[in-house]
Amino acid sequence: MSAIRIVIVDDSSFSIAFIRNILEEHGFEVVGEAGTLEEVKEVISATRPDLVTMDMTLPGTDGLECTRAIHSIDKNIKVIVISSMMDDEIVKQAKENKVSGYIQKPVDEDELITAIGRVMASDELYLSLKTEYFAAFKESLMDGMNKMTKTLLTYKKEYHFETEQESEGLTIIIGIIGRFSGRMLIDLSTETARKLAAAILRKEPKDTNEIIAILGEFTNIISGNACSVLNKKNKAYGLRVAPPTTLYGEKVRISAPRYATTIALAETVYGEILLNAGFQRGEDNWM
Amino acid sequence: MDVKYVNPFLEAFTSVMPQLGFQNVNKTNVSVEKQEIKKAGVVIIVGIVGAIKGNVVYCIDLEGAKNVASTMMMGMPINEFDEMAQSALSELANMLTANAATIFFGQGIHIDISTPAVLFGDDITIKMSSSQVLCIRLTADQIPIEINIAFEH
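So the protein sequences, as listed, match chains D and H. The opening position of the first sequence corresponds to residue 2 in our numbering, with each subsequent residue numbered one higher. The opening position of the second sequence corresponds to residue 13 in our numbering, with each subsequent residue numbered one higher.
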């Protein structure tokens, strides 16, 4: 990985020199410095750093206004506040302004380096989960179908879950918890559910309860296997699954979550199965 | 299922709802329900793992859900249970469960929660994840809200 590029915002040349020293000693690249709102806009636009260290008290502006200015240029730039002031109210405001970390002056070297490491690692970890999770879920559904029913499925469509949609009849929901939280959901018609349950059971299920029990366990296995695969790729994900909750009824609508999730439609010999999964970036736990 | 699991949810409700602008918060009753629940309205599911494993399912009728969303948005009128209102209810379930998790943590019970899943309709049957379900019925400014808790041992 190339060196993390950092801009230091502070109005004291002593503080800048002090922070720069620590950062450079640890292999970070300090690509600019700024002391006013104008300088912040200029330096950030020109250098596009990965991270900014931000003083709170600045002439004619403050750290929060500067943070907003940075995020209006590029919302992916991480900001860590380094300030002599630190109380609940200002920390709350910092969080509301999408600050990723807060360190009190005088700066403790270890604390600063740890904070940067955490902020950047969390970002990379989420990106890596985002790139690999859906393949793991799709693979797990395919594998589960194959092992439990000896049949194959084909994915015919894949898209982002952006607007609410109507359930086909039966929805099974599994909450996922770990370094990033999310959920997996399987939706299918009651007819598909009955046929799939019969195939898994190798005989006709006796009632709706039995169908739901089998489908719940099926979904539980799919989500559990997918999360195990992901945890093996990177144990920092620490994913665990909650037990399944099943809903069914007439014209039940499923709300699109507030974070990005993906849907894949699988064509199976029993009918269509909708698979939906996603993880929330979440807030950084930095306090 | 142990009734001690009820209190953190009650406490969370009575502390979070006033912060969102609700004046009167009341507990109606607590009962033990069967695994299957029939509902009309909005259902929000939050998964739980850790020292306790299970699900918390919040239920509220559609009118109530719109009123809750409206109060949460400083009285903005809500005519449809639209994306904004769905998002508000999802956030409510998240806040209530996260708050309860913090209270559990204070008692030495460490739990983590999933993101909420929101579903709604006129005729929903919910099959909870454990055979016994604790149902807490509450009101916030006369709006009935149900918290159904299904924990495994």
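Glycine is no exception: its CB is placed at the ideal position from the N, C-alpha and C atoms. Bear in mind the structure is a predicted one, so any value in this text is a computation, not a measurement.
- For H:P156, the enclosing beta strand (DSSP E) starts and ends at I155 to E164.
- The beta carbon of D:A122 lies closer than 7 Å to none in the same chain, with the five residues before and after it left out.
- In chain order, T83, A152 and D153 place their CB closer than 7 Å to the CB of H:F34, counting only its own chain and leaving out the 5 sequence neighbours on each side.
- The alpha helix (DSSP H) runs of length 4 or more contained entirely in the stretch 96-145 of chain H do not exist; there are none.
- DSSP, read as helix, strand or coil, puts D:I114 in helix.
- Given a length threshold of 4 residues, the stretch 216-262 of chain D has no whole run of the alpha helix (DSSP H) inside it.
- Among the bridge pairs identified by DSSP, D:Y127 is matched with none.
- When the Cα atoms are used, D:F219 and D:L186 turn out to be separated by approximately 12 Å.
- At a Cβ-Cβ threshold of 7 Å, D:L266 and D:K158 count as neighbours.
- Residues of the stretch 178-206 of chain D that bring their beta carbon within less than 7 Å of a beta carbon in chain H comprise I178, S182, G183, R184 and L186, in sequence order.
- Taken in chain order, the complete alpha helix (DSSP H) segments of 4 residues or longer contained in the stretch 30-94 of chain D are 38-48 and 64-74.
- At a C-beta separation below 9 Å, D:T247 has these neighbours in chain H: T137, I138, K139, M140 and S141.
- Under the Cβ criterion of 7 Å, H:S126 is counted among the residues facing chain D.
- Between H:T137 and H:E48 a beta carbon distance of about 6 Å is seen, short of the 8 Å cut, so the two are scored as contacting.
- Per DSSP, D:F280 lies in no alpha helix (DSSP H); the unbroken beta strand (DSSP E) holding it starts and ends at G272 to F280.
- Residue-level contact by beta carbon fails for H:G120 and chain D, as no gap is shorter than 7 Å.
- When rounded, the separation of the alpha-carbon atoms in H:Q144 and H:F21 is 17 Å.
- The C-alpha of H:E75 is placed about 50 Å away from the C-alpha of D:V10.
- Counting other Cβ atoms within 10 Å of its Cβ, H:V15 stays below 16 and is therefore classed as exposed.
- Residue-level contact check: H:N67 touches chain D, since one or more beta carbons of chain D fall below 7 Å from its beta carbon.
- When the five nearest sequence neighbours on each side are left out, the beta carbons in the same chain lying within less than 7 Å of the beta carbon of H:K139 are those of Q47 and E48, in order along the chain.
- Around the beta carbon of D:E169, 16 or more other beta carbons sit within 10 angstroms, so the residue counts as buried.
- Of all residues in the stretch 251-265 of chain D, only E251, K252, V253, R254, I255, S256, A257, P258, R259 and Y260 place a beta-carbon less than 8 Å from a beta-carbon of chain H.
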